[in-house]
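Novice: Numbering (our numbering), first residue to last: 700 to 1006.
A single structure is presented below for examination.
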């Protein structure tokens, strides 16, 4: 059955209204990189998939980080937004682009990292593989990899015997897996997942689907999900290797990366703390912005212990 949910399991919906794309700070061999704001830099890992409407540099997490006095460093994954580089769409690509971005901005000291959902998974992977470049890590609605999402993630929040959303996801996901998907199907599935991911539905924005969308193919980076499934990408067995402060944030009603998934990270990372946001779904930095900002600021202002 997991094949039918290949596309669904990793759909991470954007959390801001669509906007004009921000101009990158630089473009390196087709890779758009950004440094926005002033102050000590923090690396905001971008989403590696296709279910986002704008660059991470102009999303709500970037806004919060800038409000806390940080400068945000990030990039557009190849094939997304301002990046014209031919994408390979795998984890190695995301980690390599991260190193390339840091190198471009001349950052050779340890800096803080933050990510949300699938971008936090990429941040987790980079932190494990390149701890020499990282000072602290913030994971928001995160996962250790494919096995955890398959076990606890969507569509397990719905019951097949009573929730129509379950069957709608079955239909849309199966079409995509069978190669019958298009941009319209992609948007419908995104909207369905977004609706489940917020406690307060005022944050869910209706996705406009045009007649042309039914003739458009799936976005290039949608194959990210297939890469994770086929590779069974999993970092659970490496969590103990992390030797840096880690803050884990999760909404109590998160259906995509539920509390149990984040507790697995907390249990595996010895120097970690977990904060559960009692009134949020998948996006606590939207639904409980003030509390999230306070928690984040407190963590980032704390002096990390000497190694």
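Beta carbons are placed, not taken as given, at the ideal position from N, Cα and C, and that holds for glycine.
Could you tell me whether the Cβ atoms of residue 976 and residue 991 are closer together than 8 Å?
Specialist: Yes, the pair counts as a contact, with Cβ atoms nearer than the cut-off.
Novice: Does the Cβ of residue 929 have 16 or more other Cβ atoms within 10 Å, making it buried, or fewer, making it exposed?
Specialist: Residue 929 comes out exposed.
Novice: How far does the beta strand (DSSP E) with residue 972 in it extend, from its first residue to its last?
Specialist: Segment 971-976, the beta strand (DSSP E) holding residue 972.
Novice: When DSSP labels each residue in this structure, what does residue 800 get in the three-state scheme?
Specialist: Residue 800 falls in the helix class under three-state DSSP.
Novice: Taking the Cβ atom as the reference point for each residue, do residue 739 and residue 769 lie within a distance shorter than 8 Å?
Specialist: Yes, these two residues count as a Cβ contact at 8 Å.
Novice: Cβ of residue 767 within 8 Å of Cβ of residue 840?
Specialist: No. Outside cutoff.
Novice: Reducing DSSP to helix, strand and coil, say where residue 1000 ends up.
Specialist: It is helical.
Novice: DSSP three-state label for residue 795, please.
Specialist: Residue 795: helix per DSSP, three-state reduction.
Novice: With a CB to CB cut of under 7 Å and the five nearest residues on each side skipped, what residues in its chain are close to residue 779?
Specialist: Closer than 7 Å at the Cβ level, and outside the excluded window around residue 779, lie 920.
Novice: Restricting to Cα atoms, I'd like to know which of 726, 786, 988, 846 is closest to residue 949.
Specialist: Of the listed residues, the one whose Cα sits closest to residue 949 is 988.
Novice: Would you mind listing the alpha helix (DSSP H) stretches within the region 866-942 that are 4+ residues and don't spill past its ends, in chain order?
Specialist: Listed in chain order, they are 882-896, 923-930.
Novice: Contact defined as beta carbons within less than 8 Å: I believe residue 974 pairs with residue 965. What is the distance between those atoms, to the nearest angstrom?
Specialist: Not a contact, Cβ separation roughly 10 Å.
Novice: Which first and last residues belong to the alpha helix (DSSP H) in which residue 962 is found?
Specialist: Counting along the chain, the alpha helix (DSSP H) containing residue 962 begins and ends at 958-967.
Novice: Taking residue 813 as part of the beta strand (DSSP E), name the residues at either end of that continuous run.
Specialist: Counting along the chain, the beta strand (DSSP E) containing residue 813 begins and ends at 810-815.
Novice: Whole angstroms are fine: how far does the CA of residue 857 sit from the CA of residue 730?
Specialist: One C-alpha to the other measures close to 39 Å.
Novice: What does DSSP give as the partner residues of residue 950 in its beta bridges?
Specialist: Per DSSP, 976.
Novice: State the Cα-Cα distance for the pair residue 916 and residue 958, rounded to the nearest angstrom.
Specialist: Residue 916 and residue 958: Cα-Cα distance of roughly 34 Å.
Novice: Compare the Cα-Cα distances from residue 798 to each of 785, 826, 816 and report the closest residue.
Specialist: Comparing Cα-Cα distances from residue 798 to each of 785, 826, 816, the minimum goes to 826.
Novice: Given the structure, does residue 782 come close to the ligand NAD, in the sense that its CB is under 7 Å from one of the ligand's heavy atoms?
Specialist: Inclusion of the ligand NAD in the displayed structure is not the case, the ligand content being empty and no account of it being possible.
Novice: With a Cβ-Cβ cutoff of 8 Å, do residue 800 and residue 763 count as a contact?
Specialist: Result no, Cβ atoms of residue 800 and residue 763 do not sit closer than 8 Å.
Novice: Could you name the residues of the same chain whose beta carbon sits closer than 6 Å to that of residue 783, not counting the 5 residues immediately before and after it, in chain order?
Specialist: So the list reads 729, once near-sequence residues are dropped.
Novice: Quick one: Cα of residue 714 to Cα of residue 952, how far?
Specialist: With a pLDDT of 37 at residue 714, under the threshold of 50, the predicted position of this residue should be treated as unreliable, though the coordinate-derived value follows. The straight-line gap from Cα to Cα measures roughly 16 Å.
Novice: Return the residue from the list 811, 792, 978, 934 that minimises the CA-CA distance to residue 832.
Specialist: Ranking the options by Cα distance to residue 832, first place goes to 811.
Novice: Assuming residue 933 and residue 844 are in contact, meaning their beta carbons sit under 8 Å apart, how far apart are those beta carbons, in whole angstroms?
Specialist: About 4 Å separates the two Cβ atoms, so the contact holds.
Novice: Among 954, 862, 888, 882, whose alpha-carbon lies nearest the alpha-carbon of residue 898?
Specialist: When only C-alpha atoms are compared, the closest one is 954.
Novice: Can you tell me whether residue 741 is helix, strand or coil according to DSSP?
Specialist: DSSP places residue 741 in strand when its eight states are reduced to three.
Novice: Do residue 837 and residue 995 have their C-beta atoms closer together than 8 Å?
Specialist: Yes, the pair counts as a contact, with Cβ atoms nearer than the cut-off.
Novice: Out of 993, 927, 727, 788, point me to the one whose CA is closest to residue 804's CA.
Specialist: When only C-alpha atoms are compared, the closest one is 727.
Novice: To the nearest angstrom, report how far apart residue 880 and residue 922 are at their CA atoms.
Specialist: Straight-line Cα distance between these residues: approximately 12 Å.
Novice: Which residue's Cα is closest to the Cα of residue 788: 982, 924, 967?
Specialist: Of the candidates 982, 924, 967, the one whose C-alpha sits nearest the C-alpha of residue 788 is 924.
Novice: Taking only beta-carbon positions, decide if residue 762 is within less than 8 Å of chain B.
Specialist: This model lacks chain B altogether; it includes just one protein chain.
Novice: Between 906, 895, 882, 900, which has its C-alpha nearest residue 914's C-alpha?
Specialist: Comparing Cα positions, the closest option is 882.
Novice: Where do the ends of the beta strand (DSSP E) carrying residue 774 lie?
Specialist: 770-774 is the span of the beta strand (DSSP E), which, as asked, contains residue 774.
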